[in-house]
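Here is the structure we will look at, set down as structure tokens.
Numbering (full-length UniProt numbering), first residue to last: 1 to 59.
Set out below in structure tokens:
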């Protein structure tokens, strides 16, 4: 393997590594977004239950 081939192989590997990191970062961002949606949904559900309970209590 000559010098140019070795350099090209190294640059390709660096590019592939950068793409993997980008993909991992995107996946982590999606997970955090999903976690936030679950927490938000849980809070909304709790609020709705409290409103319904309060309304039933007032009747």
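Each residue gets a CB set at the ideal place from its N, CA and C atoms; glycine is no exception. Treat the numbers as computed from the prediction; the structure is a model and nothing was measured.
State the start and end residues of the unbroken alpha helix (DSSP H) segment that holds residue i.
i: residue 2; result: Segment: none, residue 2 is in no alpha helix (DSSP H) and carries neither H nor E.
Suppose the cutoff is 6 Å on Cβ atoms and the five residues either side in sequence are ignored; what does the same chain contact list for residue i look like?
i: residue 38; result: none
What beta strand (DSSP E) runs, 3 residues minimum, are completely inside the stretch 35 to 59?
none
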